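Trainee: Here the working numbering is used: the first residue of the sequence shown is 70, the next is one more, and so on.
Glycine residues also receive a C-beta, built at the ideal position from the N, C-alpha and C atoms.
All of these numbers come straight from a predicted model, not from anything done at the bench.
To start, I am sharing the structure in question, which I have written as structure tokens.
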Amino acid sequence: MADIRRIFFFIVYCSLVYGECKFYKDEHTRDIYEKMQKWEIFGKNFTVSNKGLTYFIGICSSPNNSADDTAIIQKENSSSHVLGKLDQVNLVRGDDWILLTYKDGDPYEDACNNSMRSASIMFVCGQNKRTNVSDLMIKSITVFKNSDINQSVGYVNLKEELRKANLTILQEHTSTDHHCNYMFQLRVPEMCPPVEKNNKLSGSAIFLIIFFSVTAAYLFVGAVFMHVKHGARGIDHIPNLEMWRKLGNLAADGCEFCCRCERTSPRAGYFLDESGPDMRDDDILAP
């Protein structure tokens, strides 16, 4: 029983000590961190692979249940490197992005002036419904294999893969540009601005509402008047019925005039001309 309690307190201790980012929290960074804590991905771990390299990434958490301050681990075959730690964190916020940087990783060997590795995660607006590998996109990776910099093949292939995925390289390590930072991008739905619902009626909707309301009132009041005043029955309840009939006939005549394909013309051949004087009348009127 005592051993179970020790294990329980050890797990609680590890979750409290190694379970979140540690940095100098001023008023600016405190607001950013409190916003991040409301994200669904906060405290989650991600795994992404590229060119034989596997990255285990924690969002203010230790991946693979590591009992230390490890934030991002890079593995290749049997070797592994720590790219950043939870106790060395920097937060920067822009208009539509947040940059989380883990520092104090394992030192480079014969590269980057033997400096300490560091990695950054840029959070941007995006629909990230599934928290898996496909939602975590590598923006830039400094590739090291067996402590040697693969400048001729590794980075060219990496560029091609990123270009196929419609991604943009933020930083890279080449013979002329010695950036030694790992950069990732992660889409976060909570960073998207709220969509304002437009509950206002459009002009056409207002017009239709007014039109049908006036029409209904006209028919109702007119029907009551025709029934009470004139004792109308059936279709005679419609007010101004004759006017509407004439209007309908005029509309039908107009449509027939505009849309009729054939024009009426006298048929070819003999026809009786009755415009002249009628001889039968002369016989009757003769004295």
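Exposed or buried, which one is N268 when buried takes at least 16 other CB atoms within 10 Å?
Mentor: Position 199 of the sequence shown, counted from the first residue, corresponds to residue 268. Exposed, because fewer than 16 other Cβ atoms sit within 10 Å of the Cβ of N268.
Trainee: In angstroms, rounded to a whole number, what distance separates the CA positions of K315 and G323?
Mentor: In the sequence shown, the residue the question calls residue 315 occupies position 246. In the sequence shown, the residue the question calls residue 323 occupies position 254. Roughly 12 Å separates the two Cα atoms.
Trainee: Say whether the stretch 255 to 265 touches the stretch 187 to 195, bearing in mind that this needs 3 or more beta-carbon pairs closer than 8 Å, one atom from each stretch.
Mentor: Yes: the two stretches touch, three or more of their Cβ pairs being nearer than 8 Å.
Trainee: From the DSSP output, read off the bridge partner residues of P176.
Mentor: Translated into positions along the sequence shown, residue 176 becomes position 107. Note: P176 sits in a beta bridge opposite M185.
Trainee: Return the CA-CA distance between R329 and A321, expressed in angstroms with no decimal places.
Mentor: As a first step, residue 329 is located in the sequence shown; it is residue number 260 there, counting from the start. As a first step, residue 321 is located in the sequence shown; it is residue number 252 there, counting from the start. If I take the Cα positions, the gap works out to 11 Å.
Trainee: Comparing alpha-carbon positions, which option in G317, L288, N318 and D138 lies nearest I306?
Mentor: Taking the sequence shown and counting its residues from 1, the one referred to as residue 306 is at position 237. Residue identity differs from the one stated: residue 306 is His in this sequence, not Ile. Selected option, being the one with the closest Cα: L288.
Trainee: I need the straight-line Cα distance from E325 to P262, nearest angstrom please.
Mentor: Here residue 325 corresponds to residue number 256 of the sequence shown, with the count starting at 1. Here residue 262 corresponds to residue number 193 of the sequence shown, with the count starting at 1. The alpha-carbon atoms of E325 and P262 are separated by roughly 56 Å.
Trainee: I'd like to confirm the pairing. Which residues does DSSP put opposite K144 in its beta bridges?
Mentor: In the sequence shown, residue 144 corresponds to position 75, counting from 1. DSSP output for K144 lists T123 and S149 as bridge partner(s).
Trainee: Comparing C-alpha positions only, which one of K298, M185, N114 and R162 sits nearest to P176?
Mentor: Indexing the sequence shown from 1 puts residue 176 at position 107. For P176, the nearest C-alpha among the options comes from M185.
Trainee: Tell me whether V117, by its Cβ, gets closer than 7 Å to a heavy atom of the ligand PLP.
Mentor: This structure simply doesn't include the ligand PLP, nor any ligand for that matter.
Trainee: Checking 8 Å against the spacing of the C-beta atoms, do L152 and S187 come in under that value?
Mentor: Here residue 152 corresponds to residue number 83 of the sequence shown, with the count starting at 1. Here residue 187 corresponds to residue number 118 of the sequence shown, with the count starting at 1. Yes, they are a contact pair.
Trainee: Just to check my reading of the structure: I141 and I126 have Cβ atoms closer than 8 Å, yes? What is that Cβ distance to the nearest angstrom?
Mentor: Counting from 1 along the sequence shown, the entry for residue 141 is found at position 72. Counting from 1 along the sequence shown, the entry for residue 126 is found at position 57. About 5 Å; that satisfies the 8 Å criterion.
Trainee: Taking only the alpha-carbon atoms, compute the straight-line gap between L319 and E311 and give it to the nearest angstrom.
Mentor: Translated into positions along the sequence shown, residue 319 becomes position 250. Translated into positions along the sequence shown, residue 311 becomes position 242. Taking the straight line from one Cα to the other gives about 12 Å.
Trainee: How about L168 and C129: do their beta carbons lie closer than 8 Å?
Mentor: By one-based count along the sequence shown, residue 168 stands at place 99. By one-based count along the sequence shown, residue 129 stands at place 60. Going by C-beta atoms, L168 is not nearer than 8 Å to C129.
Trainee: Locate the beta strand (DSSP E) running through N250, then write down its first and last residues.
Mentor: Taking the first residue of the sequence shown as position 1, residue 250 is located at position 181. Note, N250: beta strand (DSSP E), N250 to V257.
Trainee: Helix, strand or coil: which one does DSSP assign to I128?
Mentor: The count along the sequence shown starts at 1 and reaches residue 128 at position 59. If DSSP states are grouped into helix, strand and coil, I128 belongs with coil.
Trainee: Three-state secondary structure (DSSP) at C194?
Mentor: For this step, residue 194 is matched to residue 125 along the sequence shown. Here C194 sits in strand by DSSP.
Trainee: Given N159, which residues of its chain have a CB within under 6 Å of its CB, disregarding the five upstream and five downstream residues?
Mentor: Residue numbering aside, residue 159 sits at position 90 when the sequence shown is read from its first letter. Exclusion of the five residues before and after N159 leaves T170 as the residues of its chain whose Cβ lies within less than 6 Å of its Cβ.
Trainee: Quickly, what does DSSP pair Y171 with across the bridge? List them, please.
Mentor: One-based indexing of the sequence shown puts residue 171 at position 102. According to DSSP, which records beta bridges pairwise, Y171 is partnered with V158 and A188.
Trainee: With C-beta atoms as the reference, is G163 less than 8 Å away from E145?
Mentor: Translated into the one-based positions of the sequence shown, residue 163 becomes position 94. Translated into the one-based positions of the sequence shown, residue 145 becomes position 76. Not in contact: G163 and E145 (Cβ atoms no closer than 8 Å).
Trainee: Would you kindly check if the distance between the Cβ of Q157 and the Cβ of H150 is under 8 Å?
Mentor: As a working note, residue 150 is residue 81 in the sequence shown. As a working note, residue 157 is residue 88 in the sequence shown. It is not a contact, given that the beta carbons lie outside the stated cut-off.
Trainee: From which residue to which residue does the alpha helix (DSSP H) around R99 run?
Mentor: Here residue 99 refers to the residue found at position 30 when the sequence shown is read from its first residue. Note, R99: alpha helix (DSSP H), E96 to M105.
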